[in-house]
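Chemist:
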């Protein structure tokens, strides 16, 4: 049995991994600052929430004590808590055995890779740059903390092609381990056989619209709806109350995830596990990174005509929706089941 600390979160990746590791008999603690707005904190909340100095001191003492004495510590990127960064790092490096980092999500290397033309002909940041948005992880402080953090890693484990390629082109390439796919806890997600009526229902959640390429997706949805008003229902929403979301998902056949990424993410896994056809990033180079020959996840790009062609193909194959639904669930069971992924992490940590 190993004592394992999972630090940070990426849309449930560590939460799912913890579930599998615990089932295998390991002692696992998940510590997180909340994963942005998702509020995934795990067992140890790394935020200092007290309003008094004494309260903050007690919280900090409890946090630091909770980060000691592990066989394995694994981060997801260095940005667990900017405010506590140096204190956390010093405690972790000096009072634990092996330290690893999962490369998943934005960080200094990924931003540098993208901004230096590593991804063409499109990237998830194109619209941010076009609209002059300030990008994170480009400041001198970010670069300093990143260098201090990564230099102490025993290994860096990418979760997909974008991050693997970023680190292959970095000064940390000698620390790079084999890419391990994202993990999902399938015991908690029930497959839902699609109900096929007169219309195919497409759904796009337009949160993070610039990142996902929502403008192009919505334009394609509008064109397709006007062409086939009696054959398709197109639903787009940036936020739905839980009861409405569950109602929409229950009748959805196709989830349009994103069109600016080479790889698919956790949203594609959750949707596919339920048996939804998924349109997302599934470029050949990204699938090769995962050692996948054929992925049922439909690759789409920011090209509206390309998205429309894929819509057409789904409509033409309406009679295969049930088959496609089974296929994507089976694919996720084979490639992303957290029980299989946990064994790969354990092997990498040896």
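Residue numbers (the working numbering): 829 to 1178.
Note that the Cβ used here is the ideal one computed from N, Cα and C, for glycine as well.
These numbers come from a predicted model, not from an experiment.
Cβ of residue 1064 within 8 Å of Cβ of residue 1077?
Modeler: Mapped onto the chain shown, residue 1064 falls at position 236. Mapped onto the chain shown, residue 1077 falls at position 249. Contact flag unset, no.
Chemist: Return the residue from the list 938, 993 and 848 that minimises the CA-CA distance to residue 964.
Modeler: The residue you call residue 964 lines up with position 136 of the chain shown. If we check each option's Cα against that of residue 964, 938 comes out closest.
Chemist: Looking at residue 891: is its Cβ nearer than 8 Å to the Cβ of residue 855?
Modeler: Reading the chain shown from its first residue, position 63 is the one you call residue 891. Reading the chain shown from its first residue, position 27 is the one you call residue 855. Against a cut-off of 8 Å, the Cβ pair of residue 855 and residue 891 comes out as no contact.
Chemist: Check the C-beta distance from residue 1123 over to residue 1110 and give it rounded, since I have them as a contact under 8 Å.
Modeler: By one-based count along the chain shown, residue 1123 stands at place 295. By one-based count along the chain shown, residue 1110 stands at place 282. About 5 Å; that satisfies the 8 Å criterion.
Chemist: Tell me which residues share the same chain as residue 1039 and place their Cβ nearer than 6 Å to its Cβ, disregarding the 5 neighbours each side in the sequence.
Modeler: Looking up residue 1039 in the chain shown gives position 211. Same-chain partners within the cutoff: 952.
Chemist: Relative to the C-alpha of residue 958, which residue among 943, 971, 970 and 994 is closest?
Modeler: Looking up residue 958 in the chain shown gives position 130. Measuring from the Cα of residue 958, the nearest candidate turns out to be 943.
Chemist: Given a cut-off of 8 Å on the beta-carbon distance, is the pair residue 1177 and residue 900 in contact?
Modeler: As a first step, residue 1177 is located in the chain shown; it is residue number 349 there, counting from the start. As a first step, residue 900 is located in the chain shown; it is residue number 72 there, counting from the start. A contact, by the Cβ cut-off of 8 Å.
Chemist: Tell me, which residues are paired with residue 979 by DSSP?
Modeler: Locating residue 979 in the chain shown gives position 151, counting from the first residue. The partner list for residue 979 (beta bridge, DSSP) is empty, contrary to what the question assumes.
Chemist: Have a look at 1034, 1070, 887 and 1101 and flag the residue whose alpha-carbon is nearest the alpha-carbon of residue 1062.
Modeler: Residue mapping note: residue 1062 aligns to position 234 of the chain shown, counting from 1. Per the Cα distances, 1034.
Chemist: For residue 1166, which residues of its own chain have a beta-carbon under 7 Å away from its beta-carbon, when the five flanking residues on both sides are left out?
Modeler: As a working note, residue 1166 is residue 338 in the chain shown. 844, 845, 847, 848, 1011, 1012 and 1013, listed in sequence order.
Chemist: Going by Cα to Cα distance, which pick from 1130, 1164, 992 and 1030 is closest to residue 1057?
Modeler: Mapped onto the chain shown, residue 1057 falls at position 229. Of 1130, 1164, 992 and 1030, the residue nearest in Cα terms is 1030.
Chemist: Keeping to the same chain, check which residues put their C-beta closer than 6 Å to that of residue 853; ignore five residues upstream and five downstream.
Modeler: Mapped onto the chain shown, residue 853 falls at position 25. Taken in chain order, the residues that qualify are 829.
Chemist: Please confirm whether residue 986 and residue 1000 have their CB atoms less than 8 Å apart.
Modeler: One-based indexing of the chain shown puts residue 986 at position 158. One-based indexing of the chain shown puts residue 1000 at position 172. No, the pair does not count as a contact, with Cβ atoms beyond the cut-off.
Chemist: Ordered along the chain, which non-local residues of its own chain (more than five positions away) have a Cβ less than 6 Å from that of residue 1066?
Modeler: Within the chain shown, residue 1066 is the residue found at index 238, counting from 1. Cβ within range, chain order: 1034 and 1035.
Chemist: Should residue 1022 go down as buried or exposed, given a rule of 16 or more other Cβ atoms within 10 Å for buried?
Modeler: As a position in the chain shown, residue 1022 is number 194, starting the count at 1. Flag for residue 1022 reads buried.
Chemist: To the nearest angstrom, how far is it from the Cα of residue 1028 to the Cα of residue 879?
Modeler: Here residue 1028 corresponds to residue number 200 of the chain shown, with the count starting at 1. Here residue 879 corresponds to residue number 51 of the chain shown, with the count starting at 1. Distance between the alpha carbons of residue 1028 and residue 879 is about 52 Å.
Chemist: In the DSSP assignment, find the beta strand (DSSP E) that holds residue 1064 and state where it starts and stops.
Modeler: Residue 1064 sits at position 236 when you count from the first residue of the chain shown. From DSSP, the beta strand (DSSP E) with residue 1064 extends over 1060-1065.
Chemist: I think residue 1006 touches residue 904, with their Cβ atoms under 8 Å apart; what is that distance to the nearest whole Å?
Modeler: Stepping through the chain shown from its first residue, residue 1006 is reached at position 178. Stepping through the chain shown from its first residue, residue 904 is reached at position 76. No, residue 1006 and residue 904 are not in contact; Cβ-Cβ is about 17 Å, not under 8 Å.
Chemist: Short check: CB of residue 1008 to CB of residue 1141, under 8 Å?
Modeler: Walking along the chain shown from the start, residue 1008 turns up at place 180. Walking along the chain shown from the start, residue 1141 turns up at place 313. No, the Cβ-Cβ distance between residue 1008 and residue 1141 is not below 8 Å.
Chemist: Residue ranges of each alpha helix (DSSP H) run of no fewer than 4 residues wholly in the region 1033-1096, ordered along the chain?
Modeler: Counting whole runs of 4 or more residues, the region 1033-1096 contains the alpha helix (DSSP H) stretches 1037-1040, 1042-1055 and 1070-1079.
Chemist: So which of 1129, 1128, 1003 and 1024 has the shortest CA-CA distance to residue 926?
Modeler: Translated into positions along the chain shown, residue 926 becomes position 98. Of 1129, 1128, 1003 and 1024, the residue nearest in Cα terms is 1003.
Chemist: Using 10 angstroms around the beta-carbon of residue 866, count the other beta-carbons present and answer buried if the total reaches 16, otherwise exposed.
Modeler: Against the chain shown, residue 866 aligns to sequence position 38. Legend: pLDDT at residue 866 = 47, less than 50; position of this residue unreliable, value from coordinates given subsequently. The residue is exposed, with fewer than 16 neighbouring Cβ atoms inside 10 Å.
Chemist: In three-state DSSP terms, what is residue 1012?
Modeler: Counting from 1 along the chain shown, the entry for residue 1012 is found at position 184. Three-state result, residue 1012: strand.
Chemist: Can you tell which of 884, 1113, 917 and 1047 has its C-alpha closest to the C-alpha of residue 1135?
Modeler: Residue mapping note: residue 1135 aligns to position 307 of the chain shown, counting from 1. If we check each option's Cα against that of residue 1135, 1047 comes out closest.
Chemist: Could you say which of 1126, 1074 and 990 lies nearest to residue 1085 if we only look at CA atoms?
Modeler: In the chain shown, residue 1085 corresponds to position 257, counting from 1. Per the Cα distances, 1126.
Chemist: Can you look up residue 857 in the DSSP assignment and give me helix, strand or coil?
Modeler: Walking along the chain shown from the start, residue 857 turns up at place 29. If DSSP states are grouped into helix, strand and coil, residue 857 belongs with the strands.
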